[in-house]
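Number of protein chains: 2
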Amino acid sequence: MKYVIIFLFASFITTAQINKEQLDVMPWPQNITVTEGSFALTKNFKVNITGAPNQRIFSGATRFLRRLDGRTGMFFYQGFVTGLNEVPDAELQINCVRSGKIELYEDESYLLDIAKNKITINATTDLGALHALETLVQLLQNNKDSFYFPISKISDFPRFTWRGLMIDGARHFMPVDVIKRNLDGMAAVKMNVFHWHLVDDQGWRIEMKKHPKLIQMASDGNYYTQEEIKNIVQYAADRGILVVPEIDMPGHGSAILTAYPEIGSKVVTLNVNSGEKEQKFTQIQSYSLERNSGIFSPTLDPSNPKTYQLISEFFDEVCPLFPGKFFHIGGDENEGKDWDANPKIQEFKKKHNLVNNHELQTYFTMQLIPMLKKHNKELMGWEEIMTKNMSQDAIIHSWKGTNEGVPAGKSLVDAVKGGYKTVLSNGYYIDLMFGVEDHYTVDPMPKNVVLTEVEKARILGGEATLWSELVTPSTIDSRIWPRTAAIAERLWSNENITDIVSLRKRLKTVSFRLEELGLTHLKSKEALLRNISNNQKNEALEDLSNICEPLKKYSRNAQGTEYQTYSPFTLFADACTPDAFDALGFNTAVDSYLNNKSIENQLLVTNYLNKWIKMNSDLIQLSLNAPLIQPLLPISKNLSSLSEQLLLKMDKKQNVDATVLNNLLEQCNSKEHADVELAVYNSLKKLVQA
Amino acid sequence: MKYVIIFLFASFITTAQINKEQLDVMPWPQNITVTEGSFALTKNFKVNITGAPNQRIFSGATRFLRRLDGRTGMFFYQGFVTGLNEVPDAELQINCVRSGKIELYEDESYLLDIAKNKITINATTDLGALHALETLVQLLQNNKDSFYFPISKISDFPRFTWRGLMIDGARHFMPVDVIKRNLDGMAAVKMNVFHWHLVDDQGWRIEMKKHPKLIQMASDGNYYTQEEIKNIVQYAADRGILVVPEIDMPGHGSAILTAYPEIGSKVVTLNVNSGEKEQKFTQIQSYSLERNSGIFSPTLDPSNPKTYQLISEFFDEVCPLFPGKFFHIGGDENEGKDWDANPKIQEFKKKHNLVNNHELQTYFTMQLIPMLKKHNKELMGWEEIMTKNMSQDAIIHSWKGTNEGVPAGKSLVDAVKGGYKTVLSNGYYIDLMFGVEDHYTVDPMPKNVVLTEVEKARILGGEATLWSELVTPSTIDSRIWPRTAAIAERLWSNENITDIVSLRKRLKTVSFRLEELGLTHLKSKEALLRNISNNQKNEALEDLSNICEPLKKYSRNAQGTEYQTYSPFTLFADACTPDAFDALGFNTAVDSYLNNKSIENQLLVTNYLNKWIKMNSDLIQLSLNAPLIQPLLPISKNLSSLSEQLLLKMDKKQNVDATVLNNLLEQCNSKEHADVELAVYNSLKKLVQA
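Residue numbers (the working numbering), protein chains in the order written: chain B, 9 to 698; chain H, 9 to 698.
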């Protein structure tokens, strides 16, 4: 009988019509229609390519086949796609008019047509075709025992031309395989700019053959060889991604100055008492790699010709590694302390009629523009470079917001009104550990400002930024994914695609599917929890991790000195992520219950509360053989105590003292333990106050 | 009250004396004594290095600190160890007499002395000191809230000088990060030879600047650049590991001949009918990369001078990448079919008085010896190279056994009696999916043969071999680890260390700790099961994976054609591993029960049986939305049905038909489903027959 039921249920699934709302595609396409019926996937599925595409489509199509085969276990007959029109009768036909260029404003559009026995992709360029393949692999559906694509038509193109992800490989070095798997993740959600932050106070990460001191003295041995860089640039180009390198100057200069102290701004004055009279000498400051996080004073000397000579030589060696048109020179967070204290620099300012340090920095930045132009590159910098005399050729990277005491994205509007092209990162700082909704609701196109069409066109797009002060190769993926997929959707899809419920539903599938590309955001958590639990069965620990989130903004490392670059990032806060999974479920349950206190709705809430009471006692048990669990016990104990009281309150069999409840609630709001916060606090508060 | 109990229990742990049997050290040291008391680990723990070691000890000590810190979350003050005698009062003092050389017979011994406030490592070379650090990191203990080392003294040294792991990067390409994390795993269990199988029918994996055709035509774009090879050789040397490259010749030649068909042995005779008379022409055979597994006929032509010219040029380019003394030239599985069919080669044999193909192959191999000697390298080859005229300079790699129709390790004895040095791999073929016990009980020193001391000294050691026909970067770690740690122990520790119970206990911890090095043997399984279950909660699937093992020997891919190199290896068989975890537990439970049918012992067994009945119904439920689960249902259904009958039988409330039981049992012995076998079959059989 059991089998009969299953059979009926299965055949129900098989014939059920798919609605487009059921599809877990991200970014959501510009136009999609789904009609009845499906294309059945079999091992005979093959790909044929026609037209005049770039070679990258062949390896792209081969990777597509491998992913589809790995997911379905179909054992496709076709092993490789290596040339034009190899399989004229293939079920998947891809036609590209011409080879795509890895640059802004390139045509990335595609048409995808899934019919009963045939799938057709038409695109101007192979870049569009690669996007179509990513959409197709997301469209795969299954029933009980087979896989299929829903019959549908999609026409799609990006809203913004700059859909970026920045990875900071300077604070914590990120090896080649980390970069590559994240490029795969980017391609999967149709992002097209990889901004590679390669130099900061904590290290210089580019092999320099003519200036080997930079890696010998300022990298701790952790750098990318020039061959690796070229290889990554090619890997990115094969996925339609432009690489924009960054060397952060003139501030954030500890690494450069560790190798070349002679171009630093700091002067040390020595009082030497030689016999009778005291003499003053100045000598070059020595610098060292920074191990903490924050804003530091080491700054290049803009008055020293040697500074420009060296930078020009750096560019001569680095620029040829990056065929793309843009070079990011940083330019942020220069506080000018060492400039103010250096008499020579003050004199230089006067001589050049530079009234403040901003103008001095503009002077500095302006010297770099022709150096880059020589290599056919445009200069890009963080918003601090935008001062009154800055060339309009520079691209302004807008990053400051309320956290820095200015209105969110103010510099973006200033930039476009001032005639600059600009990219938005304020609101896309994924290292701050905010939930996905915070990022998803940020749009590069400002809402309450009237802009002309010309000004609007200067908004190139946006870029998620992953600063790596508290991030290692083991945790980076969980800091980027899946949230960045939501930012990718904001930058690709129609501005009206804003439904957070749909986003969350699709993101769950996207997150799971990103693992197929080798991303470790799910796996690494399990490994971290195994270590924390000392290899004990750790369901309780997992439960706790599903309601805790790492402290947000920079509060985990407030003074920048609690964690050094070499500190352990194997802690509970490293295993936890934003958008704590059970917190979402609990919030929904509480809202339903407060809306309608039915027995069913009450049960939804009390199930959680009872689970957390048991979790606490299980954690105490686990902690007997796991020192790393000790710091978590106050959190679970507070939650367990409050849960007990809330159960009593909801039961209404016993009066619960409001003061007791409120005290327990506030303990659950503590951020004092293990660098995490309870993500269920707000819903607990609703229950307490209900 | 709960807390009081916990406190008492915790303080019991704190003061408990550690016995050496409790320590999870592997390989087990030659001498170890443990006495009462402990060295408490604090964040002030620092390392100081004295003597005249190689630089590698500094990075090694730094890595040691990072691992210990990651495991304990201690936040050590010391970030880097960069020079001699930096911290004279450090708690850990390492002294090395001299720099270690990466070669056989080097002194790898060490003394490790853990006292209450001080730890001392003394070693002749830094290689011994690195081994000591691996032992120390394994000795770390914890109680409820702190970490410590037990007071102890260890003096240790290896039994064999060749403790190798071979990785086949030819059948499936294994990227740099895969190789590196496995080198870390090797170092953790004190292995010192990485044998890198770089060329086979399925690909040539070495960048060749002077012979680019090899990578252009015979690598599918998957190869190691020369820079990457040098980088890996250095990475290995930093961990005390010698790299031995292999280019397999003259058989297994498809890749070489794809690029250079002119040195192949196969002749094609064409009959061309030109008008009246028919003429015969011979032309060069074209070759292509092999996509299947097995033994194939493409073989280099030993009669062609061009063959030797090319090989010599290959060596000229490849040898300088590998500073070590050994070069493996393969030499296995040449069946000589194409030689027999080639009249020119037959003529060559006659002319040189070579009576059979073995002698012809010896002729071939002998030509390579001076080519390698020119680069200061000794030739090593699989046992087939050992024929009567083979130079005694060659090292014989013994691999055949009962599977190949010869007594296990016969060639090893033949080799040492014939004056050859030799390395044993028969019994260490970890790709065959045997359990750890099978490998652990194999000793390179033959038991039932009398050897002289000189002959014994020719046995250099052993080597685990991981052939990659059915292995990908995602699954390789679970095919190597943790079983290879047991082989490492066989090769390092005293021959009397053979207790399988102790091995299994320690291996469980070793497996967990290997994850600390980035090995993915645990994490990858979770990712594979997520894919198979289509991202559903999959406890039942995990339960099934814990009693199933991949088919053993070559039966998973019997004809070598079911799987191609591009087939999906994301299946249930890929998630399963030898030494299925629950099978061990069930076997123990059944043995206890059959020995004493107490209620407690019966419960141990029936818990499993009931679990599997529930597992089956859960899997049926999961399968409704997961096509990849369908092929597993027959296995779980058979097991569930038998479990139901066995419960009835054990209950004795109902007579169970023996025929029914036996039929169900035999269904559980099926190897027809999903390329796995039920690892609980033997214990089920005992229950049926009891």
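We put the CB at the ideal spot given by N, CA and C, even for glycine. Bear in mind the structure is a predicted one, so any value in this text is a computation, not a measurement.
- Annotation: the segment 216 to 262 of chain B contains the following complete segments of the alpha helix (DSSP H) (minimum length 4 residues), in chain order: 221 to 226, 234 to 246.
- B/373 is the residue among B/598, B/504, B/373 whose C-alpha sits nearest the C-alpha of residue 396 of chain B.
- DSSP places residue 488 of chain B within a helical segment (H, G or I) once states are collapsed to three.
- Within its own chain, the residues whose Cβ lies closer than 8 Å to the Cβ of residue 410 of chain B, once the five positions on either side in sequence are excluded, are 416, listed in chain order.
- Taken through DSSP and simplified to helix, strand or coil, residue 441 of chain B comes out as coil.
- If you ignore the 5 residues before and after residue 490 of chain B, its C-beta comes within less than 6 Å of the C-beta of 515, 518, 519, all in its own chain and listed in chain order.
- For chain H, none of the residues of the segment 193 to 220 of chain B brings a beta carbon within less than 9 Å of one of its beta carbons.
- With the rule of 3 Cβ pairs closer than 8 Å, the segment 335 to 342 of chain H counts as touching the segment 257 to 272 of chain H.
- In this structure residue 209 of chain B is not in contact with residue 335 of chain B, their Cβ atoms being roughly 20 Å apart against a cut-off of 8 Å.
- Residue H/452 holds the alpha-carbon nearest to the alpha-carbon of residue 169 of chain H among H/583, H/529, H/579, H/452.
- Contact fails between the segment 608 to 615 of chain B and the segment 629 to 643 of chain B, because fewer than three Cβ pairs, one in each stretch, are under 8 Å apart.
- Neighbourhood of residue 154 of chain H in chain B, by CB distance below 9 Å: 635, in chain order.
- At a beta-carbon threshold of 8 Å, the residues of chain H lying near residue 538 of chain B are 520, 523, 530, ordered along the chain.
- Shown here, residue 158 of chain H sits in a strand according to DSSP, grouped into three states.
- DSSP lists B/156 as the beta-bridge partner residues of residue 48 of chain B.
- Taking 8 Å as the threshold, the shortest C-beta distance from residue 535 of chain H to chain B falls below it.
- Of B/99, B/560, B/117, B/133, the smallest CA-CA separation from residue 63 of chain B is found for B/133.
- Rounded to the nearest angstrom, the gap between the Cα atoms of residue 382 of chain H and residue 346 of chain H is 31 Å.
- Counting only the Cα atoms, residue 394 of chain B lies some 40 Å from residue 141 of chain B.
- Annotation: residue 246 of chain B to residue 385 of chain H spans about 40 Å, alpha carbon to alpha carbon.
- Neighbourhood of residue 663 of chain B in chain H, by CB distance below 9 Å: empty, with the nearest CB roughly 26 Å away.
- In terms of beta-carbon proximity, residue 246 of chain H stays away from the interface with chain B, with every pair separated by 8 Å or more.
- Interface criterion not met: the Cβ of residue 232 of chain B is under 8 Å from no Cβ in chain H.
- Interface flag for residue 574 of chain H against chain B is set, since a Cβ pair is found closer than 8 Å.
- Residue contact with chain H for residue 321 of chain B: absent (no Cβ-Cβ distance below 8 Å to any residue of chain H).
- The three-state secondary structure of residue 163 of chain H, taken from DSSP, is strand.
- The segment 260 to 275 of chain B and the segment 181 to 193 of chain B do not touch, with fewer than 3 CB-CB distances between them shorter than 8 Å.
- Under the three-state reduction of DSSP, residue 74 of chain H is assigned to helix.
- Closest in C-alpha terms to residue 476 of chain H, from the list H/601, H/462, H/206, H/360, comes H/206.
- The C-alpha of residue 644 of chain B is placed about 9 Å away from the C-alpha of residue 628 of chain B.
- Taken in chain order, the unbroken stretches of beta strand (DSSP E) that lie wholly in the segment 89 to 138 of chain B and span 3 residues or more are 100 to 106, 118 to 122, 127 to 133.
- The three-state reading of DSSP puts residue 533 of chain B in helix, counting H, G and I together.
- Here the alpha carbon of residue 533 of chain B sits roughly 29 Å from the alpha carbon of residue 443 of chain H.
- With the rule of 3 Cβ pairs closer than 8 Å, the segment 555 to 567 of chain B counts as touching the segment 680 to 694 of chain B.
- If you look at residue 358 of chain H, you'll find it in the alpha helix (DSSP H) that goes 351 to 359.
- In the displayed model, residue 615 of chain B falls within a helix according to three-state DSSP.
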